[in-house]
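Q:
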Amino acid sequence: MPSKTHQALVSFIARKMQEDGYQTIAFDDDNSGFDIFNYPIPPTIKRHRPDIIGMDIQGYFSIGEAKTKNDLTGKRLEEQLNDFSDLRNEDGSLIPFYLGIPESVNEKLEFKLSKFNVNRRNIKIISIPDLLI
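Numbering of the sequence shown is given in my numbering, commencing with residue 9 and proceeding in unit increments.
1. Using the C-alpha atoms, what's the distance from residue 50 back to residue 127?
2. Going by DSSP, which residues form a beta bridge with residue 110?
3. Residue 134 to residue 65, Cα distance in whole Å?
4. Find out if the Cβ-Cβ distance for the pair residue 104, residue 70 is shorter than 8 Å.
5. My parser needs the alpha helix (DSSP H) runs of 4 or more residues fully inside the region 18-101; what are they?
6. Rounded to a whole number of angstroms, what is the C-alpha to C-alpha distance between residue 174 and residue 14?
7. Inspect the beta-carbon positions of residue 117 and residue 140 and report whether they are closer than 8 Å.
8. Quick check: what's the CA-CA separation for residue 18 versus residue 130?
9. Taking Cβ positions, are residue 28 and residue 54 nearer each other than 8 Å?
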């Protein structure tokens, strides 16, 4: 079961995606309040399943992933960053990848992105003040 922090981050990602014109079409986070909408669980993309998938009115996709302080260690993070940072829509355009994190881990995430040599052109970091989550 995801932590309360993880759930809050996913909710912030969903709000930001909606502000940017993407409606939630798949959502994977227990007890977040989104379960009342009965969204399907996102499919596995490459090796991992994102927390949220959105689509705009033109049929373009976006994906979102929440990362807590404890999530920023291990091989899984590197795999997810590589799996999700270079996804493309059918026309070849990059799919926006929303990455929600607590503000206190900004530097740690920046270090990891550099270390893993991740394509950052489509990554949108949503840094949430720790007091709000």
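Cβ coordinates follow ideal geometry from the N, Cα and C atoms, glycine included.
A: Quick answer:
1. Locating residue 127 in the sequence shown gives position 119, where the first residue counts as 1. Locating residue 50 in the sequence shown gives position 42, where the first residue counts as 1. Spanning the two alpha carbons is a distance of roughly 22 Å.
2. Taking the sequence shown and counting its residues from 1, one reaches residue 110 at position 102. The partner list for residue 110 (beta bridge, DSSP) reads 136.
3. Taking the sequence shown and counting its residues from 1, the one referred to as residue 134 is at position 126. Taking the sequence shown and counting its residues from 1, the one referred to as residue 65 is at position 57. For residue 134 and residue 65, the distance between alpha carbons rounds to 23 Å.
4. As a position in the sequence shown, residue 104 is number 96, starting the count at 1. As a position in the sequence shown, residue 70 is number 62, starting the count at 1. The answer is yes: Cβ separation under 8 Å.
5. 83-92
6. Residue numbering for the chain in the displayed model covers 9 to 141; residue 174 lies beyond these limits and cannot be assessed.
7. Within the sequence shown, numbered from 1, the residue matching residue 117 stands at position 109. Within the sequence shown, numbered from 1, the residue matching residue 140 stands at position 132. Taking 8 Å as the Cβ cut-off, residue 117 and residue 140 do not qualify as a contacting pair.
8. The residue given as residue 18 occupies position 10 in the sequence shown. The residue given as residue 130 occupies position 122 in the sequence shown. Their backbone Cα atoms lie some 18 Å apart in a straight line.
9. Here residue 28 is taken as the residue at index 20 of the sequence shown, counted from 1. Here residue 54 is taken as the residue at index 46 of the sequence shown, counted from 1. The answer is no: Cβ separation not under 8 Å.
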